[in-house]
Amino acid sequence: MSLTKDAGHLFRFAFLFVVAFVVFLLVRHFVVPKSFGEYGHYRGAAIGEIAARPLHYAGHETCETCHADIAEAKKAGKHENVSCEACHGPLAKHANDPSIQPVKINTTVLCIRCHAESAAKPGGFPQIDPVQHSGGVPCETCHQPHNGL
Amino acid sequence: MNLDRRHFLVMLPAAAIAWKYVLAGTPDASPNYTMTDHWWSMLIDIPKCIGCGNCVRACAAENDVPDGHFRTWVERYHVNDWHMEGPEVISPDGGKEGFPAVAQSAGGGEGFSSAPQDEGKYFFVPKLCNHCADSPCTQVCPVGATFIAPDGVVLVDQTYCLGCAYCVQACPYGCRYIHPEKKVADKCTLCYHRITKGLTTACCENCPTGARKLVDLKDPNDPIHAFLKTHYVQVLKPQMATGAKVFYNELDGSVR
C-alpha cells in the first residue's frame, strides 16, 4: 500500500518517540525519590529526617523532674522564669545520663552577660555596674543563683 | 541531689517515657504529632529583650551553626530624633556575646531604655527566619529542596540542595546562608526536631525574659490570640507580601 509506504518515516519516528518516552519514565522512576510529591514539590521524607536531628538542650521540665529541690527554690526568686539551661548550658547528655558531669559555671561571665548595666537595656531590668557592685568578688558569695538574692 | 536515674524512672514513668521519645529522635516516636494540626510561628516582644545573646548561643549549640553564620541573631538599634531612615545598627558577632554597654546618663527616661530623650532610644531586635506563608525563598528553588512543611515551617532538604544560593538571594530578611562545610543552604528550622516532640525552640527555652515565644497559630488555646488582639504588633517588611509569621510587639518603624 502506498499509504504505509509513504508514511514509513512517520512510524519510525513515532516508534522512536515511544521508546524515548519509556526510557524517560524508567529513568524517572529510579531517579526521583519515593516520597517526592507526597506533600508538595519536595521530598516528603525530608521532614522526618529533619525532625530526627539530635537534641542538645533538654528543656527545664526535664531538669525539674530530677532536681525538684532546685526548681522549688527557683520559684521563690526572681529567676523563676529563667530556665536551667540558660545558665547551665546544653545538658541533654547529662539529663539522659547523670553520671556525665555538667561543666562548672563561671559566674563572673554568666551573670554579667545578663545583668551588666547598659542604657540600651530596658529600664525595668535589674542592672549593676560589675566593678562598683562587687569589685571582683564572685557573685555567688552574696547571691544565690537559684533564687536571685 | 541523690536521685539516680533508676529511681527517677520508677517515680516518674510518664516523664520518663516522654523523655525516651525525645531521645529516640524519630518523628514516629513523637507521640501524637500531626503536622496538619499546627501552624508554627514566633512572637518577639521587643520591650523585653535585654540583648544578652542567650538565644544566639543556644541556637548555635542546638543546631551546630558554624561560627560567623547565624540562624538567629540580635541587632541593636539606636534611633536619634527623626532620622527614621538612618538608624545606627550594630550586631557584633550576631550579638552572641551580648553588646557593648552604653553609659547610663542621669535622668533616665521612660520606655525602651533609661537613656535620656536627647540621646535617642536604644532597643534590641532579635531576627530569625520569618517562616513566611508565601516565602520567596521556596519559590526560587530550582530542585524543590526547600519548602513550606504542612505545619508552616520553612525547611531545607540538605540531601537534595545543590547549593546554588538562589534562595539566599531571594530571602528579603537575610536569613539564609550557605553552610561553609556542607556547601548547602542552611537556615532556622524553628527547631523542628524539638517542636515536633512538644519542646519549645532552643532560643525560646533560653530566653530569660520571655522576649521570644514559640506560638502555634492553629492552637485555639495559644496565648498568642489574646496577645494579638490587645497589642500593636508588626511583621518585618510587610510591603514585600511574604506572609511573614514572626510577630514583633512594639516594633519601631526604623527597623528594616
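Protein chains in written order, with the working numbering: chain A, 74 to 222; chain B, 1304 to 1559. Where is the CB? At the ideal position from N, CA and C, for every residue including glycine. Quick caveat, the model's predicted, so the values are computed rather than measured.
Item: Is it buried or exposed, His102(A), if we count other Cβ atoms within 10 angstroms and call 16 or more buried?; Value: exposed
Item: Any chance the region 1507–1515 of chain B sits against the region 1356–1364 of chain B, with 3 or more Cβ pairs inside 8 Å?; Value: yes
Item: Out of Asp1454(B), Gln1472(B), Lys1485(B) and Ala1452(B), which has the shortest C-alpha to C-alpha gap to Leu1465(B)?; Value: Lys1485(B)
Item: Could you name the residues of chain A that Gly1401(B) contacts, counting a contact when the two beta carbons are closer than 8 Å?; Value: Arg186 and Ala189
Item: Val1428(B) and Tyr1380(B): beta carbons closer than 8 Å?; Value: yes
Item: Quick one: which chain E residues come within Cβ less than 7 Å of Val104(A)?; Value: Going by chain labels, chain E is absent from the structure shown, which instead holds the protein chains A and B.
Item: By the 10 Å Cβ neighbour count, where 16 or more other Cβ atoms means buried, how is Met1387(B) classified, buried or exposed?; Value: exposed
Item: Are the C-beta of Asp1460(B) and some C-beta of chain A separated by less than 8 Å?; Value: yes
Item: What does DSSP give as the partner residue(s) for Phe109(A) in the beta ladder?; Value: Arg116(A)
Item: Under 8 Å, with one C-beta from each stretch per pair, do the region 170–183 of chain A and the region 1526–1533 of chain B reach the 3-pair mark?; Value: no
Item: Could you give the distance in angstroms between the alpha-carbon of Thr1503(B) and the alpha-carbon of Trp1343(B)?; Value: 11 Å
Item: To the nearest angstrom, report how far apart Thr1449(B) and Ser1557(B) are at their CA atoms.; Value: 31 Å
Item: Helix, strand or coil for Gln1472(B)? Go by DSSP, reduced to three states.; Value: helix
Item: How long is the line joining the alpha carbons of Pro1439(B) and Phe90(A), rounded to whole angstroms?; Value: 38 Å
Item: Write down the C-beta distance between Tyr1495(B) and Val1456(B) rounded to the nearest angstrom, noting that I regard them as a contact closer than 8 Å.; Value: 6 Å
Item: Listing by chain order, which chain A residues have their CB less than 7 Å from the CB of Leu1502(B)?; Value: Gly132
Item: Output needed in chain order: residues of the region 1508–1531 of chain B with a Cβ under 8 Å from some Cβ in chain A.; Value: Glu1508, Asn1509, Cys1510, Pro1511, Thr1512 and Gly1513
Item: Taking Glu134(A) as part of the alpha helix (DSSP H), name the residues at either end of that continuous run.; Value: His133 to Cys139
Item: What does the alpha-carbon distance come out to for the pair Gly150(A) and Val182(A)?; Value: 21 Å
Item: I want to see whether chain A comes within less than 8 Å of Gly1411(B), judged by CB atoms only; does it?; Value: Residue confidence is low: Gly1411(B) scores 43 on pLDDT, short of 50, so the model does not pin down where it sits. Its coordinate-derived value is still stated next. Yes, Gly1411(B) counts as interfacial toward chain A.
Item: Mind listing, in chain order, the continuous beta strand (DSSP E) runs of no fewer than 3 residues lying wholly within the region 1497–1535 of chain B?; Value: 1515–1519
Item: CB Ile143(A) to CB His206(A), shorter than 8 Å?; Value: no
Item: In this structure, how does DSSP classify His219(A) when only helix, strand and coil are distinguished?; Value: coil
Item: Using the Cα positions of Ile1393(B) and Glu1378(B), report the straight-line distance between them to the nearest angstrom.; Value: 6 Å
Item: From Thr1375(B) to Cys1491(B), what does the alpha carbon distance come to, in whole angstroms?; Value: 7 Å
Item: Going by the beta-carbon positions, is the gap between Asp202(A) and Glu213(A) smaller than 8 Å?; Value: no
Item: In the DSSP assignment, the beta strand (DSSP E) including Lys166(A) goes from what residue to what residue?; Value: First-last for Lys166(A): Ala165 to Asn169, but that is the alpha helix (DSSP H), not the beta strand (DSSP E).
Item: Between Gly81(A), Ser156(A), Lys194(A) and Val92(A), which lies nearest to Ala1404(B) when the distance is taken from Cα to Cα?; Value: Lys194(A)
Item: Which residues does DSSP pair with His1537(B) in a beta bridge?; Value: A small correction: the amino acid at residue 1537(B) is Gln; His does not occupy that position in the sequence shown. Gln1537(B) pairs with Tyr1551(B).
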